[in-house]
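Data block below; observations after.
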Amino acid sequence: MQLTLRHTCLAALVALGVGCTEKDQTPAKVTVEENQATASTEADLATAAAIASADEKAIESGVDYHSYANMQDYTVQNIALDLDVNFDQKTISGTATLDIDALNEDGKPLILDTRALSINAVDGLDGPQTAALKFKLGQEDAHLGSPLSIDLAGQKKIRISYSTSPGASGVQWLTPEQTAGKQHPFLFTQAQAIHARSFVPLQDSPKARITYSATVRTPKALRAVMSANNDPKADKDGEYHFEMPQKVPSYLIALAVGDLEFKAMGERTGVYAEPSMLDAAAKEFEDTEAMLIATEKVYGPYRWDRYDLLILPPSFPFGGMENPRLSFITPTVIAGDKSLTALIAHELAHSWSGNLVTNASWRDLWLNEGFTTYLTNRIMQLIYGDDRYRMEMALGYEDLKSDIADLDDAREIMAIDLRGMDPDAVFSNVPYEKGSLFLYELENTIGRDNFDKFLRNYFDHFAFQSITTEDFLAYVESTLLAQYPDKLSKERFEQWIFQPGLLEDAPKPHSPAFENVDKNRSAWLDGSLALDAIDVSKWTSHEWKYFLDGMPEALSPEQMAALDAQFNLTSAGNNEVAHSWLMLVVKNDYQPGFERVHSFLTSIGRNKFLRPLYRALKENGKLELAREIFEEAKVGYHPLSVKVNSAILYPES
Ligand code: BES
Ligand code: ZN
Numbered sequence: 302m303q304l305t306l307r308h309t310c311l312a313a314l315v316a317l318g319v320g321c322t323e324k325d326q327t328p329a330k331v332t333v334e335e336n337q338a339t340a341s342t343e344a345d346l347a348t349a350a351a352i353a354s355a356d357e358k359a360i361e362s363g364v365d366y367h368s369y370a371n372m373q374d375y376t377v378q379n380i381a382l383d384l385d386v387n388f389d390q391k392t393i394s395g396t397a398t399l400d401i402d403a404l405n406e407d408g409k410p411l412i413l414d415t416r417a418l419s420i421n422a423v424d425g426l427d428g429p430q431t432a433a434l435k436f437k438l439g440q441e442d443a444h445l446g447s448p449l450s451i452d453l454a455g456q457k458k459i460r461i462s463y464s465t466s467p468g469a470s471g472v473q474w475l476t477p478e479q480t481a482g483k484q485h486p487f488l489f490t491q492a493q494a495i496h497a498r499s500f501v502p503l504q505d506s507p508k509a510r511i512t513y514s515a516t517v518r519t520p521k522a523l524r525a526v527m528s529a530n531n532d533p534k535a536d537k538d539g540e541y542h543f544e545m546p547q548k549v550p551s552y553l554i555a556l557a558v559g560d561l562e563f564k565a566m567g568e569r570t571g572v573y574a575e576p577s578m579l580d581a582a583a584k585e586f587e588d589t590e591a592m593l594i595a596t597e598k599v600y601g602p603y604r605w606d607r608y609d610l611l612i613l614p615p616s617f618p619f620g621g622m623e624n625p626r627l628s629f630i631t632p633t634v635i636a637g638d639k640s641l642t643a644l645i646a647h648e649l650a651h652s653w654s655g656n657l658v659t660n661a662s663w664r665d666l667w668l669n670e671g672f673t674t675y676l677t678n679r680i681m682q683l684i685y686g687d688d689r690y691r692m693e694m695a696l697g698y699e700d701l702k703s704d705i706a707d708l709d710d711a712r713e714i715m716a717i718d719l720r721g722m723d724p725d726a727v728f729s730n731v732p733y734e735k736g737s738l739f740l741y742e743l744e745n746t747i748g749r750d751n752f753d754k755f756l757r758n759y760f761d762h763f764a765f766q767s768i769t770t771e772d773f774l775a776y777v778e779s780t781l782l783a784q785y786p787d788k789l790s791k792e793r794f795e796q797w798i799f800q801p802g803l804l805e806d807a808p809k810p811h812s813p814a815f816e817n818v819d820k821n822r823s824a825w826l827d828g829s830l831a832l833d834a835i836d837v838s839k840w841t842s843h844e845w846k847y848f849l850d851g852m853p854e855a856l857s858p859e860q861m862a863a864l865d866a867q868f869n870l871t872s873a874g875n876n877e878v879a880h881s882w883l884m885l886v887v888k889n890d891y892q893p894g895f896e897r898v899h900s901f902l903t904s905i906g907r908n909k910f911l912r913p914l915y916r917a918l919k920e921n922g923k924l925e926l927a928r929e930i931f932e933e934a935k936v937g938y939h940p941l942s943v944k945v946n947s948a949i950l951y952p953e954s
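Here the numbering used here is used: the first residue of the sequence shown is 302, the next is one more, and so on.
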């Protein structure tokens with residue numbers, strides 16, 4: 302079937318898989334590939350017309366421009382998965398059984414999100430006998446995948462038989478060599494932002510909340526864990542059962558399979574890891590239980606039963622991912638001195654900001670990440686004290702300033718317009734650090750106790766709901782703005798949320814420890830202090846990072862050599878410190894450091910480290926070297942890291 306739309310190409314049409322951008326002004330073609338089943342042409346036309354009639358300019362609050370799902374017609378309540386994990390074929394295959402509520406009598410097809418899935422059959426399960434249902438997969442859009450349209454014929458329970466493809470964007474398959482133990486393969490999923498659709502056919506939108514259950518079959522030596530009720534005592538018999546009884550957005554569905562063992566850290570907290578990592582991880586993160594208790598005291602009860610960590614192999618593309626009940630964590634934060642545990646505080650904090658109260662669309666990501674970054678700092682203060690709190694905040698502020706220096710205006714807006722864009726490609730510190738700074742200003746303005754009360758009520762009020770930026774604004778109008786009319790104004794809220802850059806009188810976090818670092822750095826740079834006269838004996842990785850990040854762009858070969866000789870920076874074991882040093886190595890063409898650049902980039906897959914290093918290599922005349930390293934390393938990278946860094950190194954393709 303092929304139909305041509307005579308309308309101007311609208312940004313919203315991207316949601317239909319039309320390959321046009323916001324700037325296109327030419328008529329667009331919608332092509333829908335059919336499978337053997339019949340297409341429901343009228344329904345396609347109706348949806349196309351509805352979307353085409355939307356105003357091109359205005360973003361509609363609450364519209365998810367990154368999902369095809371017709372959530373206005375159907376709510377999927379529960380998904381029951383029955384899956385086989387096949388490491389030889391690199392596929393997850395089986396069935397997804399969906400319980401569906403129709404929201405109107407229109408009898409439209411159900412549209413689900415998929416990406417590179419093979420759909421083998423769709424059956425209705427309502428009657429005494431299963432009924433084969435007609436379905437078709439639409440044309441694939443590079444960002445969004447393919448809409449799966451199912452003619453429900455009135456059925457409320459349907460079973461989709463499907464298989465993932467080996468290159469699924471949300472799944473990484475690791476060979477034994479890529480694991481710590483080198484004996485067994487490993488698999489993990491990463492669904493945020495829009496990758497759940499690459500391993501489950503579903504309404505893949507953060508405003509679609511579901512409960513789920515799963516039966517997962519694996520090779521016998523391995524253990525499967527999910528963002529659900531894991532049982533560390535479950536026999537390793539190759540079959541695992543899970544329930545997630547609380548409604549979660551689709552991006553929080555997660556699965557990992559590997560040679561995993563469990564160690565308790567506290568009553569409600571524990572860690573899953575490969576055996577050789579288990580003790581080190583449990584030691585590094587032993588404060589998790591205390592963090593959980595401290596957070597509950599301020600922000601209300603933890604509502605997810607257990608809070609466990611899963612330590613992944615180093616190719617995990619993020620620092621952490623807040624999968625409910627089981628945060629996924631990069632091993633690169635096991636520094637030996639708890640210096641990078643803010644990551645755990647962050648993923649834990651998402652149990653309130655994000656998992657309990659969820660951004661309704663990716664434009665609203667700041668509601669997840671800004672609130673979480675603010676909470677992270679507060680948790681760090683409760684557990685590690687004031688110095689650490691001030692350093693964490695100041696480092697975040699520096700990250701924000703450096704992003705704001707680089708980004709164009711549109712990307713400095715907290716409620717960012719992502720229409721027509723791949724959410725993975727626009728990741729920045731803005732929703733995190735600007736969001737957090739905004740909340741910090743509110744705290745300073747109305748007082749900490751008052752602001753804590755507000756947050757606690759906010760989490761209660763919106764618990765288990767997905768909300769938009771405008772929902773947040775409406776809520777503050779009837780709470781904070783009504784309570785503190787002399788101190789707060791709606792205008793200022795809107796400036797923070799909708800204006801680029803930083804407001805002139807925005808708060809500026811200040812750290813006395815860093816003031817001392819600044820003094821020493823300046824004195825060394827102006828020649829009045831020798832490196833060996835700097836007292837670094839009490840410096841933590843925070844001071845080191847701040848010391849290095851604050852260096853001028855250009856250092857002389859002598860200065861680089863002196864730093865390295867004095868502080869052994871090329872051998873730094875802390876990955877944050879190593880990363881900051883290697884950025885200087887690349888920018889200053891410091892030859893003795895390049896072997897370490899190579900080993901770093903080929904052993905770590907965390908995109909926060911990869912992206913700036915590859916970009917710096919490219920910008921400093923080392924594109925060939927960057928490509929060489931990337932080509933060697935990419936077999937070990939997650940599909941997301943491959944995608945994002947390919948775009949940097951091969952922009953023309
Ligand atoms: N939820 C994010 C990771 C994420 C965000 C994945 C958006 C995909 C799209 C996670 O909680 C996170 O923020 N991780 C950070 C942690 C850091 C800020 C402490 C990371 O991975 O670096
Ligand atoms: Zn986060």
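C-beta: ideal position from N, C-alpha, C; glycine also. Here the structure is a predicted model, which is why all the values come from computation and not from measurement.
Taken in chain order, the complete beta strand (DSSP E) segments of 3 residues or longer contained in the region 468-511 are 472-475, 487-490.
The closest heavy atom of the ligand ZN lies 7 Å or more from the beta carbon of H496. In summary, H811 is exposed, with fewer than 16 beta-carbon neighbours lying within 10 Å of its beta-carbon over all protein chains present. Secondary structure at P810: coil, using DSSP grouped into helix, strand and coil.
Runs of the beta strand (DSSP E) lying entirely within the region 440-472 and spanning at least 3 residues, in chain order: 447-451, 458-464. At the C-beta level, Q491 and G471 come within 8 Å of one another.
Secondary-structure assignment with DSSP links E693 through no beta bridge to anything. DSSP places Q378 inside the beta strand (DSSP E), whose first and last residues are 375-387.
Where L918 is concerned, the enclosing alpha helix (DSSP H) starts and stops at 908-920. Between the alpha carbons of W882 and T871 lies a gap of roughly 7 Å.
When only Cα atoms are considered, P410 and D452 end up about 5 Å apart.
Of the candidates L941, K919, N531, the residue whose Cα lies closest to the Cα of Y951 is K919. Not one heavy atom of the ligand BES falls within 7 Å of the beta-carbon of H843. With a 10 Å radius around the Cβ and a threshold of 16 neighbouring Cβ atoms, G802 comes out exposed. As computed with DSSP, A422 is found in a beta bridge with S462. A straight line joining the alpha-carbon of S767 with that of A515 spans about 23 Å. Here DSSP, grouped into helix, strand and coil, assigns Q892 to helix. Sorting S904, D560, S857, Y785 by C-alpha distance to the C-alpha of N745 places Y785 at the top.
Within a 10 Å sphere around the beta-carbon of Q473 sit 16 or more other beta-carbons, which makes this residue buried. Comparing alpha-carbon positions, the option among P940, L668, S464 lying closest to N421 turns out to be S464. The region 688-697 makes no contact with the region 706-716; the number of CB pairs closer than 8 Å stays below 3.
Here Q504 is buried, its C-beta having at least 16 other C-beta atoms within 10 Å. R607 carries a coil assignment under DSSP once its states are collapsed to helix, strand and coil. E670 has its CB nearer than 7 Å to a heavy atom of the ligand ZN. Burial is judged here by how many other beta carbons sit within 10 angstroms of a residue's own beta carbon; D606 has fewer than 16 and is exposed. DSSP, read as helix, strand or coil, puts Q860 in helix. Approximately 4 Å separates the beta-carbon atoms of A494 and P724; this is inside 8 Å, confirming the contact. Counted as a single uninterrupted DSSP element, the stretch harbouring A873 is not any alpha helix (DSSP H), since DSSP gives it neither H nor E. DSSP places R518 in the strand class (E or B) of the three-state scheme.
In this chain, L683 is not harboured by any beta strand (DSSP E); it is covered by the alpha helix (DSSP H) spanning 666-685. For T659, DSSP records a beta bridge to S767. For P576, the enclosing alpha helix (DSSP H) has its first and last residue at 576-585. Checking the 7 Å criterion, the Cβ of M622 is within range of a heavy atom belonging to the ligand BES. Here the alpha carbon of Y600 sits roughly 17 Å from the alpha carbon of V777. The continuous alpha helix (DSSP H) containing E742 extends over residues 736-747. Taking the Cβ of T596 as the reference point, every heavy atom of the ligand ZN lies at 7 Å or farther away.
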